[in-house]
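Residue numbers (our numbering): 684 to 882.
Backbone N, C-alpha and C define an ideal beta-carbon position, used for all residues, glycine too.
All values derive from a computational prediction rather than experimental measurement.
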(Lines of atoms letter the chains of each structure in order from A and count residues from 1; the text may use other names and numbers.)
(Lines give C-alpha, C1' and ligand atoms only; values in the text may rest on other atoms or scores of the structure.)
Protein backbone atom coordinates (compact mmCIF):
# COMPACT_ATOMS: atom_id res chain seq x y z
CA UNK A 1 0.00 0.00 0.00
CA UNK A 2 2.76 2.44 0.96
CA UNK A 3 4.24 2.43 -2.54
CA UNK A 4 0.89 3.26 -4.16
CA UNK A 5 -0.32 6.00 -1.82
CA UNK A 6 0.09 9.48 -3.24
CA UNK A 7 2.35 11.46 -0.93
CA UNK A 8 2.53 15.21 -0.47
CA UNK A 9 5.24 17.11 -2.30
CA UNK A 10 7.70 19.37 -0.48
CA UNK A 11 5.66 22.54 -1.09
CA UNK A 12 2.50 20.80 0.11
CA UNK A 13 4.31 19.59 3.22
CA UNK A 14 5.41 23.09 4.19
CA UNK A 15 1.92 24.37 3.45
CA UNK A 16 0.40 21.82 5.83
CA UNK A 17 3.06 22.47 8.48
CA UNK A 18 2.15 26.16 8.27
CA UNK A 19 -1.60 25.54 8.63
CA UNK A 20 -1.05 23.15 11.54
CA UNK A 21 1.28 25.66 13.21
CA UNK A 22 -1.42 28.33 12.99
CA UNK A 23 -4.05 25.88 14.25
CA UNK A 24 -1.84 25.01 17.22
CA UNK A 25 -1.31 28.70 18.07
CA UNK A 26 -5.05 29.35 17.98
CA UNK A 27 -5.84 26.28 20.08
CA UNK A 28 -3.47 27.53 22.76
CA UNK A 29 -5.80 30.53 23.11
CA UNK A 30 -9.04 28.58 22.88
CA UNK A 31 -9.31 24.78 22.73
CA UNK A 32 -12.77 24.97 21.16
CA UNK A 33 -11.86 26.71 17.89
CA UNK A 34 -11.06 23.60 15.82
CA UNK A 35 -14.22 24.15 13.75
CA UNK A 36 -12.84 27.49 12.58
CA UNK A 37 -10.27 25.62 10.44
CA UNK A 38 -11.70 25.58 6.92
CA UNK A 39 -8.54 25.04 4.86
CA UNK A 40 -9.29 21.33 4.25
CA UNK A 41 -12.76 22.23 2.97
CA UNK A 42 -11.36 24.32 0.10
CA UNK A 43 -13.18 27.39 1.35
CA UNK A 44 -12.01 30.89 0.57
CA UNK A 45 -9.89 31.34 3.71
CA UNK A 46 -8.09 28.84 5.93
CA UNK A 47 -9.59 30.06 9.22
CA UNK A 48 -12.77 32.02 9.86
CA UNK A 49 -14.46 33.14 13.08
CA UNK A 50 -16.05 36.28 14.56
CA UNK A 51 -15.87 38.23 11.25
CA UNK A 52 -12.13 37.60 11.10
CA UNK A 53 -10.49 35.44 8.43
CA UNK A 54 -6.91 34.18 8.39
CA UNK A 55 -5.18 33.00 5.24
CA UNK A 56 -2.00 30.99 5.85
CA UNK A 57 0.86 31.31 3.38
CA UNK A 58 4.31 29.73 3.33
CA UNK A 59 7.49 29.36 1.32
CA UNK A 60 10.79 27.51 1.53
CA UNK A 61 12.40 30.09 -0.74
CA UNK A 62 15.09 32.48 0.51
CA UNK A 63 12.91 35.29 -0.79
CA UNK A 64 9.71 36.34 1.00
CA UNK A 65 7.45 35.09 -1.75
CA UNK A 66 4.03 33.51 -1.46
CA UNK A 67 1.71 32.02 -4.05
CA UNK A 68 -1.97 32.90 -4.21
CA UNK A 69 -3.92 30.10 -5.85
CA UNK A 70 -7.14 31.85 -6.83
CA UNK A 71 -8.55 35.32 -7.40
CA UNK A 72 -10.86 35.20 -4.37
CA UNK A 73 -8.26 33.94 -1.90
CA UNK A 74 -7.27 37.42 -0.72
CA UNK A 75 -10.72 38.88 -1.24
CA UNK A 76 -13.07 39.25 1.69
CA UNK A 77 -16.78 39.80 2.35
CA UNK A 78 -17.93 43.18 3.63
CA UNK A 79 -17.45 43.61 7.36
CA UNK A 80 -14.72 40.97 7.57
CA UNK A 81 -11.09 41.64 8.47
CA UNK A 82 -8.59 39.44 6.66
CA UNK A 83 -5.11 38.62 7.96
CA UNK A 84 -2.23 36.71 6.42
CA UNK A 85 -0.12 34.45 8.65
CA UNK A 86 3.08 33.97 6.65
CA UNK A 87 5.84 31.40 7.28
CA UNK A 88 9.27 31.12 5.74
CA UNK A 89 10.85 27.66 6.10
CA UNK A 90 14.13 25.92 5.50
CA UNK A 91 14.90 22.21 5.62
CA UNK A 92 16.30 21.11 8.98
CA UNK A 93 16.54 17.54 10.29
CA UNK A 94 15.75 18.89 13.76
CA UNK A 95 12.82 20.98 12.56
CA UNK A 96 9.05 20.52 12.56
CA UNK A 97 7.36 17.50 11.04
CA UNK A 98 3.69 16.98 10.28
CA UNK A 99 3.40 13.97 12.65
CA UNK A 100 4.92 15.97 15.53
CA UNK A 101 2.45 18.81 15.02
CA UNK A 102 -0.44 16.34 14.82
CA UNK A 103 0.60 14.88 18.19
CA UNK A 104 0.85 18.35 19.73
CA UNK A 105 -2.60 19.32 18.45
CA UNK A 106 -4.20 16.11 19.69
CA UNK A 107 -2.75 16.80 23.14
CA UNK A 108 -4.73 20.06 23.08
CA UNK A 109 -7.95 18.07 22.95
CA UNK A 110 -8.72 17.67 19.23
CA UNK A 111 -10.44 14.34 18.53
CA UNK A 112 -8.88 11.77 16.23
CA UNK A 113 -11.80 11.16 13.86
CA UNK A 114 -12.60 14.71 12.77
CA UNK A 115 -8.93 15.75 12.72
CA UNK A 116 -7.85 12.81 10.61
CA UNK A 117 -10.77 13.38 8.25
CA UNK A 118 -9.61 16.95 7.61
CA UNK A 119 -6.02 15.81 7.15
CA UNK A 120 -7.22 13.24 4.64
CA UNK A 121 -9.04 15.98 2.72
CA UNK A 122 -5.67 17.73 2.39
CA UNK A 123 -4.06 14.58 0.97
CA UNK A 124 -2.30 13.53 4.17
CA UNK A 125 -2.52 9.82 5.04
CA UNK A 126 -1.98 9.26 8.78
CA UNK A 127 -0.79 5.73 8.00
CA UNK A 128 2.25 7.26 6.28
CA UNK A 129 3.59 9.07 9.38
CA UNK A 130 7.01 7.39 9.13
CA UNK A 131 7.43 8.85 5.65
CA UNK A 132 6.63 12.38 6.87
CA UNK A 133 8.77 11.99 9.99
CA UNK A 134 11.88 11.45 7.88
CA UNK A 135 14.59 14.08 8.63
CA UNK A 136 14.52 15.19 4.97
CA UNK A 137 10.88 16.23 5.41
CA UNK A 138 11.35 18.38 8.50
CA UNK A 139 11.43 22.16 8.32
CA UNK A 140 12.51 24.95 10.61
CA UNK A 141 10.60 28.24 10.74
CA UNK A 142 12.96 30.98 9.57
CA UNK A 143 10.39 33.73 10.02
CA UNK A 144 6.71 34.14 10.81
CA UNK A 145 5.06 37.43 9.93
CA UNK A 146 1.46 38.60 10.20
CA UNK A 147 -0.09 41.09 7.78
CA UNK A 148 -3.49 42.70 7.51
CA UNK A 149 -4.80 42.30 3.99
CA UNK A 150 -6.04 45.82 3.32
CA UNK A 151 -5.83 48.29 0.43
CA UNK A 152 -2.05 48.52 0.88
CA UNK A 153 -1.46 44.78 0.65
CA UNK A 154 -0.57 43.62 -2.89
CA UNK A 155 -3.26 41.38 -4.32
CA UNK A 156 -5.38 40.61 -7.34
CA UNK A 157 -9.09 40.33 -6.60
CA UNK A 158 -12.29 40.60 -8.66
CA UNK A 159 -12.32 44.36 -8.16
CA UNK A 160 -8.97 44.50 -9.96
CA UNK A 161 -10.79 43.83 -13.24
CA UNK A 162 -13.30 45.71 -15.33
CA UNK A 163 -16.84 45.17 -14.05
CA UNK A 164 -15.34 43.08 -11.21
CA UNK A 165 -14.98 40.06 -13.48
CA UNK A 166 -11.92 38.13 -14.53
CA UNK A 167 -11.41 38.05 -18.33
CA UNK A 168 -13.83 35.84 -20.20
CA UNK A 169 -12.47 32.36 -20.76
CA UNK A 170 -10.18 32.55 -17.72
CA UNK A 171 -11.17 29.73 -15.38
CA UNK A 172 -8.45 30.08 -12.73
CA UNK A 173 -5.90 32.73 -11.80
CA UNK A 174 -2.84 32.17 -9.61
CA UNK A 175 -0.03 34.62 -8.91
CA UNK A 176 2.90 35.33 -6.62
CA UNK A 177 3.38 38.13 -4.10
CA UNK A 178 6.71 39.53 -2.93
CA UNK A 179 6.30 40.45 0.76
CA UNK A 180 9.76 42.00 1.08
CA UNK A 181 9.50 45.47 2.55
CA UNK A 182 5.84 45.23 3.53
CA UNK A 183 4.94 46.42 7.02
CA UNK A 184 4.04 43.47 9.23
CA UNK A 185 2.01 43.55 12.43
CA UNK A 186 3.76 44.00 15.76
CA UNK A 187 3.14 41.65 18.69
CA UNK A 188 0.42 43.85 20.20
CA UNK A 189 -1.57 43.88 16.95
CA UNK A 190 -1.13 40.12 16.54
CA UNK A 191 -2.37 39.53 20.08
CA UNK A 192 -5.30 41.89 19.52
CA UNK A 193 -6.66 40.16 16.43
CA UNK A 194 -5.95 36.69 17.83
CA UNK A 195 -7.95 37.46 20.97
CA UNK A 196 -10.83 38.83 18.89
CA UNK A 197 -10.73 35.70 16.72
CA UNK A 198 -10.89 33.44 19.78
CA UNK A 199 -13.50 35.41 21.72
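Let me know the secondary structure DSSP gives residue 734 once reduced to three states.
-> In the structure shown, residue 734 sits in coil (DSSP, three-state: anything other than H, G, I, E or B).
Just the Cα atoms here: how many angstroms apart are residue 835 and residue 808?
-> Distance from the CA atom of residue 835 to the CA atom of residue 808, rounded to whole angstroms, is 39 Å.
The region 845-865 touching the region 792-802, judged by at least three CB pairs closer than 8 Å | No: the two stretches stay apart, fewer than three of their Cβ pairs being nearer than 8 Å.
Candidates 769, 745, 760: which alpha carbon is nearest residue 751's?
-> For the set 769, 745, 760, the Cα lying nearest the Cα of residue 751 is the one of 769.
Out of 782, 760, 802, point me to the one whose CA is closest to residue 720's CA.
-> Scanning 782, 760, 802 for the CA closest to the CA of residue 720 turns up 802.
Only counting runs of 3 or more residues, tell me where the beta strand (DSSP E) segments fall wholly within the region 716-800, in order along the chain.
-> List check, beta strand (DSSP E) in window: 730-732, 735-742, 748-751, 764-779.
Beta-carbon spacing of residue 784, residue 703 below 7 Å | With respect to residue 703, residue 784 sits close: the two C-beta atoms are nearer than 7 Å.
Among the residues of its own chain, which have a CB less than 7 Å from the CB of residue 690, if the five just before and after it don't count?
-> Contacts found: 811, 814.
For residue 882 and residue 714, the rounded distance between their alpha carbons | Annotation: residue 714 to residue 882 spans about 11 Å, alpha carbon to alpha carbon.
Helix, strand or coil at residue 857 according to DSSP, with G and I counted as helix = Residue 857 falls in the coil class under three-state DSSP.
Using the rule of at least 16 other Cβ atoms within 10 Å of the residue's Cβ for burial, across every protein chain shown, is residue 886 buried or exposed?
-> Only positions 684 to 882 of the chain appear in the structure, and residue 886 is not among them; the question remains open.
Going straight from the alpha carbon of residue 731 to that of residue 806, what length do you get?
-> One C-alpha to the other measures close to 21 Å.
Apart from the five residues just before and just after residue 779, which ones in its own chain have a Cβ nearer than 8 Å to its Cβ?
-> Once the five neighbours on either side are set aside, the close Cβ partners of residue 779 are 700, 704, 821, 822, 823, 824.
Is residue 753 closer than 7 Å to residue 840 when the C-beta atoms are compared?
-> No; because the gap between Cβ atoms is not below 7 Å, this pair is not in contact.
Considering only C-alpha positions, which residue in the set 857, 867, 845 is nearest to residue 838?
-> Measuring C-alpha to C-alpha distances from residue 838 to each of 857, 867, 845 identifies 857 as the nearest.
With distances taken Cα to Cα, identify the nearest neighbour of residue 716 among 829, 794, 870.
-> Distances from the alpha-carbon of residue 716 to those of 829, 794, 870 put 794 closest.
Rounded C-beta distance between residue 696 and residue 748? I'm assuming under 8 Å.
-> Between residue 748 and residue 696 the Cβ distance is about 17 Å, and since that is not below 8 Å, they are no contact.
Endpoints, the alpha helix (DSSP H) within which residue 700 is located = Element bounds for residue 700: 693-712.
Cβ pair residue 818, residue 787 closer than 7 Å = Taking 7 Å as the Cβ cut-off, residue 818 and residue 787 do not qualify as a contacting pair.
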